[in-house]
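Written out below as structure tokens is the structure these notes cover.
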Amino acid sequence: MTETPMRNALRAGFQRGGIELRHLLRNGKEMASHLSNVVVALLVAGFVGDDVPGTRTPMAHLLLAGFAAYLLFQVGMINLPQILVTEREEGTLLRLRATPGGIPAYLVAKCLLVVALAVGTLVLLLAAGALLVDGPLPHGPGDWLTLAWVTTLGLLAVVPLGAAVGAVLPNPREALALIMLPTMGLLFISGTMIPITSMSVPVQQVAAVFPLKWMAQGLRSALLPDTARTAEVAGSWELPMVALVLTAWAVLGFLLAVPLLRRAARRESGSRLSARHEKAARSGAPT
Amino acid sequence: MTLGDSTTTPRRTPARPVVHARDVRMTYGDLDVLHGVDLDIHHGEVFALLGPNGAGKTTTVEILEGFRRRSAGEVSVLGTDPERGDDAWRSRIGLVLQSWRDHRRWRVGELLTHFATYYADPRDPAELLALVGLTDQAGRPVERLSGGQRRRLDVALGIVGRPELLFLDEPTTGFDPEARHEFHALVDRLARDEGVTVLLTTHDLVEAERLADRIAMMVGGRIRACGTPAELAGRAAARAEVRWTADDGTPRRERTEDPSRLVWELHRRADGPIAGLEVRRPTLEDTYLHMVHREADGADPGTGTDMNTGTGTGTDEEAHVV
Chain D
1 MTETPMRNAL RAGFQRGGIE LRHLLRNGKE MASHLSNVVV ALLVAGFVGD
51 DVPGTRTPMA HLLLAGFAAY LLFQVGMINL PQILVTEREE GTLLRLRATP
101 GGIPAYLVAK CLLVVALAVG TLVLLLAAGA LLVDGPLPHG PGDWLTLAWV
151 TTLGLLAVVP LGAAVGAVLP NPREALALIM LPTMGLLFIS GTMIPITSMS
201 VPVQQVAAVF PLKWMAQGLR SALLPDTART AEVAGSWELP MVALVLTAWA
251 VLGFLLAVPL LRRAARRESG SRLSARHEKA ARSGAPT
Chain W
288 MTLGDSTTTP RRTPARPVVH ARDVRMTYGD LDVLHGVDLD IHHGEVFALL
338 GPNGAGKTTT VEILEGFRRR SAGEVSVLGT DPERGDDAWR SRIGLVLQSW
388 RDHRRWRVGE LLTHFATYYA DPRDPAELLA LVGLTDQAGR PVERLSGGQR
438 RRLDVALGIV GRPELLFLDE PTTGFDPEAR HEFHALVDRL ARDEGVTVLL
488 TTHDLVEAER LADRIAMMVG GRIRACGTPA ELAGRAAARA EVRWTADDGT
538 PRRERTEDPS RLVWELHRRA DGPIAGLEVR RPTLEDTYLH MVHREADGAD
588 PGTGTDMNTG TGTGTDEEAH VV
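Chains as they are written, first to last, in the numbering used here: chain D, 1 to 287; chain W, 288 to 609.
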């Protein structure tokens with residue numbers, strides 16, 4: 001009795017995810033904004049000519065590995081919260097709340113969309129990097145395996161966290177400002193663009209709390225030769241630590257996301273929706 | 288005292304009302320929004336909840352929809368307390384709100400087909416599109432529909448799962464007269480042909496009179512009157528107006544609670560036909576405005592409920608235009 005509705009919700013969720021992905025691919029503006037990230041990464045990688053200090057690894061490789069980590073991070077921490085806040089404001093969440101099995105289907109669809117977006121961006125970046133700017137690719141099955149698990153664990157660390165953030169942010173306009181600044185800050189201190197060893201120790205310690213540094217380090221271990229380890233803080237890739245920190249964030253993210261999303265869905269009602277539209281209209285935003 | 292269920296005979300005799308509420312109260316901090324709402328809505332009935340802004344209509348409806356927790360009172364919707372409504376219960380309820388702007392990028396047909404997959408026995412999406420007159424727009428993105436088309440799509444989405452109870456929130460705001468007429472015909476069909484129970488909230492008296500079997504008027508967090516449109520108009524504290532032309536040719540008018548008696552007396556006095564005789568029954572609007580103004584004047588709220596025990600409409604058939 002309980003199995004059929006669940007399977008139905010899964011089926012609806014997969015259908016929904018597929019349709020949303022198709023809409024995303026057909027939306028020129030949104031595709032352009034995703035692709036521009038990749039283009040910027042390739043341009044920057046094409047222009048830096050140095051090696052990573054103390055190694056014979058091109059700086060461009062460190063940059064592309066860092067960008068790869070950042071783009072995964074961005075999908076979870078910026079794109080996902082924005083989607084959630086926008087859809088809450090438009091009434092999508094309320095409509096699914098009023099539909100039997102709607103909320104589970106919604107979550108399934110969002111997971112599919114986010115994973116497809118993240119993996120698609122990663123593949124595109126690495127493939128285009130290798131073809132156009134002599135970018136890095138994993139060497140051997142061990143490196144591919146590392147790439148796979150770091151990507152998976154990295155997404156598990158940031159997607160639930162992003163969902164939790166999306167559940168509490170007030171509205172799309174303020175949401176972007178609230179998440180962009182800290183994300184940008186992390187981008188610069190996490191060793192994604194510049195070797196982390198060139199940062200002061202306190203900055204390194206701050207960066208080590210957040211998942212981005214560990215995602216970038218994990219991806220470097222998959223993409224860069226082992227000789228590049230000397231540019232790491234510990235002189236090694238610290239893969240057990242990468243796994244540990246990302247798992248901890250994943251657990252924390254799930255613990256936060258489940259009650260916060262439930263609360264966000266429970267709070268939705270017609271009058272809340274109208275009130276938000278009126279407020280948005282008063283502040284001159286397009287509705 | 289029970290409201291409503293004493294006055295009408297529902298189309299089918301139900302075992303229990305579809306919506307049953309007793310002494311529902313809602314308090315936000317120190318603010319009392321609902322002061323004990325009683326409501327019974329029967330199977331296949333179109334029921335309108337009328338009232339000015341801030342009267343508590345939305346709060347009442349959201350409690351019934353299961354979107355808001357009441358502070359006190361007893362509620363049963365389709366036999367279940369909405370606060371404990373599960374997916375099976377949800378699948379028996381349809382919702383049409385006025386603020387939905389969701390799924391803008393989806394195509395009309397695609398969206399309807401998708402929402403059909405959530406239900407065990409959905410309506411056929413193509414037939415549904417024809418029913419709401421959107422067949423030609425099936426391939427169009429939702430964001431490119433006009434306001435009226437968008438609302439009709441919302442109705443289609445609201446009934447795709449064959450709900451037994453449909454909530455309509457200000458359904459025709461912003462409709463042109465033709466779209467409104469078509470929408471009313473659609474609601475009629477759902478209620479008459481398919482036995483869907485409809486709870487409609489509206490400011491629009493004409494719409495309520497046109498669609499509803501029964502109307503509840505809500506003012507200041509209470510239901511002040513409940514009955515058929517004719518009963519409510521007849522029960523008005525506002526009196527009927529009798530107009531005629533006197534022998535000297537001057538137009539006369541008089542307000543009375545018993546227009547039939549006045550007309551009879553006029554005829555006896557004149558001993559013949561009376562020129563320009565006209566009886567204006569109090570309209571639903573008179574009742575409504577009277578009730579809202581009395582509230583605004585700060586009348587004792589307790590006196591309002593006497594409307595519900597009114598003596599009915601025994602003189603209805605006598606009070607028409609002569």
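Positions of the beta carbon are idealized from the N, C-alpha and C atoms, including for glycine.
Candidates the options: closest to residue i by CA position
i                       : options                                : result
leucine 432 (chain W)   : W:Ile446, W:Gly396, W:Tyr405           : W:Gly396
threonine 57 (chain D)  : D:Ala167, D:Gly253, D:Leu223           : D:Leu223
glycine 166 (chain D)   : D:Thr121, D:Asn79, D:Leu112            : D:Asn79
glycine 563 (chain W)   : W:His554, W:Leu549, W:Ser547, W:Arg530 : W:Arg530
valine 579 (chain W)    : W:Thr515, W:Arg556, W:Ile510, W:Leu384 : W:Ile510
arginine 410 (chain W)  : W:Arg467, W:Gly448, W:Gly514, W:Asp319 : W:Gly448
histidine 277 (chain D) : W:His307, W:Thr347, W:Asp389           : W:Asp389
alanine 407 (chain W)   : D:Pro100, D:Val115, D:Ala128           : D:Pro100
leucine 71 (chain D)    : D:Ala116, D:Met59, D:Val48, D:Val85    : D:Ala116
leucine 453 (chain W)   : W:Leu473, W:Glu544, W:Thr532, W:Arg392 : W:Leu473
leucine 440 (chain W)   : W:Arg567, W:Leu492, W:Leu382, W:Glu494 : W:Leu382
valine 311 (chain W)    : W:Asn340, W:Arg356, W:His330, W:Phe334 : W:Arg356
valine 159 (chain D)    : D:Val206, D:Lys110, D:Leu62, D:Ser200  : D:Lys110
alanine 234 (chain D)   : D:Leu246, D:Gln205, D:Pro136, D:Gly129 : D:Gln205
Proximal residues of chain W, C-beta to C-beta of residue i below 8 Å
i                      : result
glutamine 15 (chain D) : His401, Thr404
glutamate 87 (chain D) : Asp389
histidine 23 (chain D) : Arg392, Trp393
C-beta neighbour in chain W for residue i, strict 8 Å
i                       : result
threonine 287 (chain D) : Here threonine 287 (chain D) scores only 42 on pLDDT, less than 50, and its place in the model should not be relied on; the value that follows carries that caveat. Yes, because at least one Cβ of chain W sits closer than 8 Å to the Cβ of threonine 287 (chain D).
isoleucine 83 (chain D) : no
glycine 91 (chain D)    : yes
glycine 270 (chain D)   : yes
glycine 101 (chain D)   : yes
proline 170 (chain D)   : no
alanine 98 (chain D)    : yes
asparagine 8 (chain D)  : yes
arginine 220 (chain D)  : no
asparagine 79 (chain D) : no
Element boundaries [alpha helix (DSSP H), containing residue i]
i                        : result
isoleucine 103 (chain D) : 102-132
isoleucine 179 (chain D) : 172-189
alanine 375 (chain W)    : 374-377
valine 550 (chain W)     : 546-557
alanine 443 (chain W)    : 434-446
serine 33 (chain D)      : 28-47
For residue i, the first and last residue of its enclosing beta strand (DSSP E)
i                           : result
phenylalanine 454 (chain W) : 452-456
proline 569 (chain W)       : From DSSP, proline 569 (chain W) is part of no beta strand (DSSP E); its letter is neither H nor E.
phenylalanine 334 (chain W) : 333-337
proline 538 (chain W)       : 538-543
isoleucine 83 (chain D)     : Where isoleucine 83 (chain D) is concerned, there is no enclosing beta strand (DSSP E), although the alpha helix (DSSP H) it sits in stretches over 80-90.
Burial state of residue i (16 or more Cβ within 10 Å)
i                       : result
aspartate 587 (chain W) : Its pLDDT being 44, under 50, aspartate 587 (chain W) is placed unreliably in this model, and the coordinates cannot settle the point.
aspartate 558 (chain W) : exposed
glycine 507 (chain W)   : buried
threonine 227 (chain D) : exposed
leucine 155 (chain D)   : buried
aspartate 534 (chain W) : exposed
methionine 6 (chain D)  : exposed
glutamate 494 (chain W) : buried
glycine 589 (chain W)   : Low confidence applies here, because glycine 589 (chain W) scores a pLDDT of 40, under 50, leaving its location unreliable and the question unanswered by this model.
is_contact[residue i, chain D] using C-beta, thresh 8 Å
i                           : result
phenylalanine 354 (chain W) : yes
serine 378 (chain W)        : yes
leucine 336 (chain W)       : no
arginine 312 (chain W)      : no
aspartate 368 (chain W)     : no
aspartate 491 (chain W)     : no
threonine 598 (chain W)     : Residue placement at threonine 598 (chain W) is poorly supported in this model, since its pLDDT is 35, which falls under 50; the coordinates still yield a value, given next. No, because no Cβ of chain D sits closer than 8 Å to the Cβ of threonine 598 (chain W).
Listed by chain order, chain D residues near residue i by CB distance under 7 Å
i                       : result
serine 433 (chain W)    : Under the 7 Å cutoff, chain D gives no residues; its nearest Cβ is about 15 Å from serine 433 (chain W).
glutamate 397 (chain W) : Ile19
serine 386 (chain W)    : Gly91, Gly270, Leu273, Ser274, His277
Within chain W, the residues that residue i reaches when beta carbons sit closer than 9 Å
i                    : result
alanine 12 (chain D) : His401, Phe402, Thr404, Tyr405
Chain-ordered chain D contacts of residue i [CB-CB under 8 Å]
i                       : result
threonine 345 (chain W) : Gly270, Ser271
aspartate 411 (chain W) : Within chain D, no residue comes near aspartate 411 (chain W); the closest Cβ sits about 17 Å away, beyond 8 Å.
glutamate 349 (chain W) : Ser269, Gly270, Ser271
Chain W contact residues for residue i, given Cβ-Cβ distances below 7 Å
i                      : result
alanine 167 (chain D)  : Ordered by position in chain W, no residue passes the 7 Å Cβ test against alanine 167 (chain D), which lies about 17 Å from the chain.
leucine 281 (chain D)  : A small fix is needed here, since residue 281 (chain D) is alanine in this sequence, not leucine. Going along chain W, no residue has its Cβ under 7 Å from alanine 281 (chain D), so there is no contact; the nearest lies around 11 Å.
proline 5 (chain D)    : Asp374
arginine 263 (chain D) : Going along chain W, no residue has its Cβ under 7 Å from arginine 263 (chain D), so there is no contact; the nearest lies around 13 Å.
Distance cut-off 7 Å: residue i Cβ against heavy atoms of the ligand NAD
i                     : result
alanine 177 (chain D) : Absence of the ligand NAD from the depicted structure is noted, as is the absence of any ligand whatsoever, leaving it without description.
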